[in-house]
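Asks:
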Amino acid sequence: MAPTIRTERLLLRPFEPADEETLFQLWNDADVRRFLWDDQPVSRETVREQIAQSQKDFREERFGLFLISRAEEPGTVIGAAGLFRFADADWVDLVYALRPAAWGQGLATEAARAVLRFAFEVVGLDEVLAGTDLGNVASQRVIERLGMTDEHERVVGPNKVLARYRRLRRQDFVAGPGRFTLVEPPDS
């Protein structure tokens with residue numbers, strides 16, 4: 001089982017099958033899916049597949065996707081973040097999405113930094129990439145704040161969107177101040 005991550009303001013816990021409705025609502029929010037899902041509706045089947053894939057990834061690769069909630073409101077999901085290996089890629093991607101009500105508060109940066117710390121310090125990855133649509137200026141600012149540098153541009157997704165990919169190597173990662181605690185799940 002994968003651990004829950006606690007930061008100053010956030011809890012990040014691994015996806016579970018019971019999260020289907022929460023993820024369905026999050027990923028079908030028009031503002032969220034615009035860049036995360038190339039503005040395509042997300043089916044319940046896709047949500048179930050993503051949950052199952054994340055659980056498999058945690059078992060086999062020690063990384064996957066997390067739901068994000070505020071630490072003081074653990075039952076209220078504000079987004080999702082994690083590490084994902086796309087089928088056509090030989091690298092690991094940092095992915096994240098927050099509900100619009102959580103935008104502009106530094107929470108995406110805090111969650112993404114925690115995921116990167118998990119990637120480098122716990123999983124032991126040497127590098128992580130993050131791709132953003134060229135029109136997603138807010139997300140580009142997040143990955144710049146994380147210290148990621150330009151890598152390449154490529155056309156992605158069914159809508160053939162031009163995305164900019166940036167890279168961060170373990171030796172260049174700066175964890176920064178703030179809380180980072182792993183809460184291991186009980187043995188089952």
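Using full-length UniProt numbering, the letters of the sequence shown correspond one by one to residues 1 to 188.
For glycine and all other residues, C-beta sits at the position ideal for the given N, C-alpha and C.
Since the model is a prediction, treat every value here as computed from it, not as a measurement.
Quick check on S139: buried or exposed, where buried means 16 or more other Cβ atoms within 10 Å of its Cβ?
Replies: Flag for S139 reads buried.
Asks: Going by Cα to Cα distance, which pick from E110, R85, V115, E121 is closest to D60?
Replies: It should be noted that the sequence gives Glu, not Asp, for residue 60. E60 has its Cα closest to that of R85, out of E110, R85, V115, E121.
Asks: Within the chosen definition, does the stretch 121–132 reach the stretch 153–171 through at least 3 CB pairs nearer than 8 Å?
Replies: yes
Asks: On the premise that A114 lies in contact with Y96, defined as a C-beta separation below 8 Å, what is that separation, rounded to the nearest angstrom?
Replies: About 10 Å separates the two Cβ atoms, so there is no contact after all.
Asks: Between the alpha carbons of S188 and V122, how many angstroms are there, rounded?
Replies: Residue placement at S188 cannot be trusted, given a pLDDT of 47 that sits under 50; what the coordinates show is reported in the next sentence. Cα to Cα, S188 sits roughly 21 Å from V122.
Asks: What distance in whole Å lies between the Cβ atoms of R33 and V42, which are believed to be in contact at a cut-off of 8 Å?
Replies: 6 Å
Asks: Taking only runs that begin and end inside the stretch 70–144, name each unbroken alpha helix (DSSP H) of 4 or more residues, in chain order.
Replies: Taken in chain order, the complete alpha helix (DSSP H) segments of 4 residues or longer contained in the stretch 70–144 are 107–117.
Asks: Name the DSSP beta bridge partners of L182, please?
Replies: Bridge partners of L182: I5.
Asks: Consult DSSP for A175 and reduce its assignment to one of helix, strand or coil.
Replies: coil
Asks: Can you check which of these residues, R44, M148, D29, is closest to D38 by C-alpha distance?
Replies: D29
Asks: Is it buried or exposed, Q50, if we count other Cβ atoms within 10 angstroms and call 16 or more buried?
Replies: buried
Asks: For R154, report the span of its beta strand (DSSP E) as first-last.
Replies: 149–156
Asks: Below 7 Å between beta carbons: does that hold for residue 198 and R179?
Replies: Nothing about residue 198 can be read from this structure; the chain reaches only from 1 to 188.
Asks: So if DSSP puts I68 in a beta bridge, which residue, or which two residues, is it bridged to?
Replies: L12, G79
Asks: Return the chain-ordered list of same chain residues with a C-beta closer than 7 Å to the C-beta of A102, the five sequence neighbours on each side being excluded.
Replies: I78, G79
Asks: Does the Cβ of D31 have 16 or more other Cβ atoms within 10 Å, making it buried, or fewer, making it exposed?
Replies: exposed
Asks: Mapping the DSSP letters down to three states, classify L162 as helix, strand or coil.
Replies: Look at L162 here: in three-state DSSP terms it is strand.
Asks: Measure the Cβ-Cβ separation of S69 and L11 and say whether it is below 7 Å.
Replies: yes
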